[in-house]
Amino acid sequence: MTDDNYQFGTSRSLPKGKDKREDYRLTARARAWIQRESPEPGSDQSELARESTLECQIRDISARGLSLVSAEPLTVNSLLMAEVSLGHQAKAFALMVEVMWCRQTDEGNLIGIQVLASDDTDYLDWMDAVATALSEG
Numbered sequence: 001m002t003d004d005n006y007q008f009g010t011s012r013s014l015p016k017g018k019d020k021r022e023d024y025r026l027t028a029r030a031r032a033w034i035q036r037e038s039p040e041p042g043s044d045q046s047e048l049a050r051e052s053t054l055e056c057q058i059r060d061i062s063a064r065g066l067s068l069v070s071a072e073p074l075t076v077n078s079l080l081m082a083e084v085s086l087g088h089q090a091k092a093f094a095l096m097v098e099v100m101w102c103r104q105t106d107e108g109n110l111i112g113i114q115v116l117a118s119d120d121t122d123y124l125d126w127m128d129a130v131a132t133a134l135s136e137g
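Residue numbers (UniProt numbering): 1 to 137.
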């Protein structure tokens with residue numbers, strides 16, 4: 001299996017946790033980069049992006065959300081920008097997300113985020129990519 005193959009179920013190397021998602025989920029080796037702070041107008045956005053971006057491993061994926069494993073916790077109910085790379089896609093998806101829950105585990109922080117429909121994001125492309133991956137599964 002290559003890194004961009006999808007499989008159903010939960011990877012043994014990632015922490016397990018209960019979730020309340022209604023959608024069918026994919027498990028994939030994918031990455032998300034969460035921007036914890038928004039840059040101020042006129043500021044050096046590239047420097048802030050390096051300092052405030054948190055790289056996370058994706059535990060599982062559905063059309064409406066992601067389960068992430070992170071070294072640092074995120075604040076519940078916060079609205080954040082994220083970039084999500086699915087491996088088989090040519091570019092990462094820019095998405096607006098809401099942190100729904102965050103639990104500390106032995107392996108790190110397990111975080112549930114909901115993908116929000118928002119202008120100037122790749123929301124529709126994201127929905128299409130997840131639907132395609134589900135149909136191939």
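Note that CB positions come from ideal geometry on N, CA and C, so glycine has one too. Keep in mind that this is a model prediction, so the values were computed, not measured.
Using the rule of at least 16 other Cβ atoms within 10 Å of the residue's Cβ for burial, across every protein chain shown, is D122 buried or exposed?
buried
Residue nearest to E55 in terms of C-alpha spacing, selected from I61, S62, S70:
S70
Supposed close pair M96, L116 - CB separation, criterion 8 Å
5 Å
Looking at the structure shown, is E83 part of a helix, part of a strand, or coil, going by DSSP?
strand
Locate the beta strand (DSSP E) running through T75, then write down its first and last residues.
Element bounds for T75: n/a, residue is neither H nor E.
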